[in-house]
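Numbering (the working numbering), first residue to last: 713 to 966.
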Ligand code: NAP
C-alpha cells in the first residue's frame, strides 16, 4: 500500500510533461487520479496506459481551461466519473499544473498574449480552486506548479513570469485562508524541465547545453524530478509546510 492509498487526486494538464509525471507518481503511491487535459486526447491516453501498467488507477477528464464554462465542464466530469466508480465527489489532492507559456519580452507583449496567459495560468486556476473547495476534504492538499522565473529574472517571458508570481501570492493568501480546515497550500517552482513547453529552446546542442547550464547539476530537469517533490507535498509527511514555494530547479541561478 502506497502512502496515498485511498486518496483521490485531480491533476490538471496531466496528459503531457510534468503533469503526466505527477499523475504517474501520485498513482504509483496509491491515489486514484483524475488525469485532466485540454485537447490532446491521445497523450492523455498514454498517461492512463502508463498508470495502468504501473498498477495505478486513473480516469481522464477533458476541459479546455481559460474559456467560459471551463470549470463546470471539468468538475461535472470529475464528479460523474467518481460517481460511476461508486465514490462521492470528494477530493484529497488538487494539483494545479496546466499552463501555457509565451516567450515575449516587454516590447513584444500584446494585449491578446497578456489576456491569454492570465486567463489560463491565473484566472482559471483561481476559479478551479474556488469551485474545488466544495470537493476538497479537510486535511487536503493544494499544490500549484509555479516557476523558478518568479525568483530568477527571466525577461524573455515577462508575462508568463508574472502569471506565476500571481500564483505564488495566491498560494500564500490561500494557505492562511485554509489553515483552519487543515488544508495545506504550496507551490513548486521548477527550472527548465524537458517537456514540450520548451522543446523549441532545445533544438540545437548548444541551445540545450545553455538550458542545462542554468542548474548547478548541469542538466535540464526531468518530469520525475518535480513529480516526487509534488508527491511529498501531497503526503502526510509535509503536514507542517504551508504557504511556501518550494524551489525545484536543480539550484538554477544560485
Ligand atoms: P506541457 O508539456 O506544455 O504540458 C501542458 C499541459 O497542460 C498539457 O497537459 C496540456 O493539455 C495542458 N494545458 C495547457 N493549456 C491548457 C488549457 N488551456 N486547457 C487545458 N489544458 C491545458 O507543459 P509542462 O512543461 O509539463 O509544464 C507543466 C507546468 O510546469 C506548467 O505550469 C508550467 O508553467 C510549469 N513549468 C514548466 C517548466 C518547463 O521547463 N517545462 C519550467 C517551469 C515551470 P493538452 O495535452 O491537452 O494540450
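The beta carbon of each residue, even a glycine, is placed where N, CA and C say it ideally should be.
This structure is a prediction, so every number in the text was calculated from the model and none was measured.
Could you give the DSSP three-state label for residue 855: helix, strand or coil? strand
Counting pairs of beta carbons, one from the segment 808-822 and one from the segment 781-791, are three or more of them closer than 8 Å? Between the segment 808-822 and the segment 781-791, the count of Cβ pairs shorter than 8 Å is below three; the stretches do not touch.
Residue 748: first and last residue of the uninterrupted beta strand (DSSP E) it sits in: Looking at the DSSP string, the run of the beta strand (DSSP E) that includes residue 748 is 744-749.
Among 738, 923, 823, 948, which residue has its Cα nearest to the Cα of residue 895? 948
When the Cα of residue 893 is compared with those of 875, 901, 850, which residue comes out closest? 850
Exposed or buried, which one is residue 751 when buried takes at least 16 other CB atoms within 10 Å? exposed
Using the Cα positions of residue 956 and residue 837, report the straight-line distance between them to the nearest angstrom. 17 Å
Is it the case that the CB of residue 835 approaches a heavy atom of the ligand NAP more closely than 8 Å? no
Shorter than 8 Å, the distance from the beta carbon of residue 787 to the closest heavy atom of the ligand NAP, or not? no
Residue 868 CB to nearest heavy atom of the ligand GDP below 8 Å: With respect to small molecules bound, the structure shown includes the ligand NAP and not the ligand GDP.
Within its chain, find whatever has a CB closer than 8 Å to the CB of residue 905; leave out the 5 residues flanking it on each side and keep chain order. 729, 730, 932, 933, 934, 935, 937, 938
Run of the alpha helix (DSSP H) containing residue 880, from where it starts to where it stops: Taken as a continuous stretch (DSSP letters only), the alpha helix (DSSP H) holding residue 880 covers 870-890.
If you measure from the beta carbon of residue 839 to each beta carbon in chain B, is any gap under 9 Å? No chain B appears in the structure shown, which is made up of a single protein chain.
Locate the alpha helix (DSSP H) running through residue 765, then write down its first and last residues. 753-765
Coarse secondary structure for residue 847, derived from DSSP in three states: coil
Skipping 5 residues on each side, what residues in its chain have a beta carbon closer than 7 Å to that of residue 839? 783
Tell me which residues share the same chain as residue 854 and place their Cβ nearer than 6 Å to its Cβ, disregarding the 5 neighbours each side in the sequence. Excluding residues up to 5 positions away in sequence, 806, 897 lie with their Cβ nearer than 6 Å to the Cβ of residue 854 in the same chain.
Along the chain, where does the beta strand (DSSP E) containing residue 771 start, and where does it finish? 769-774
Does the segment 873-891 come within contact of the segment 916-926, defined as at least 3 CB pairs closer than 8 Å? No: fewer than three Cβ pairs fall under 8 Å.
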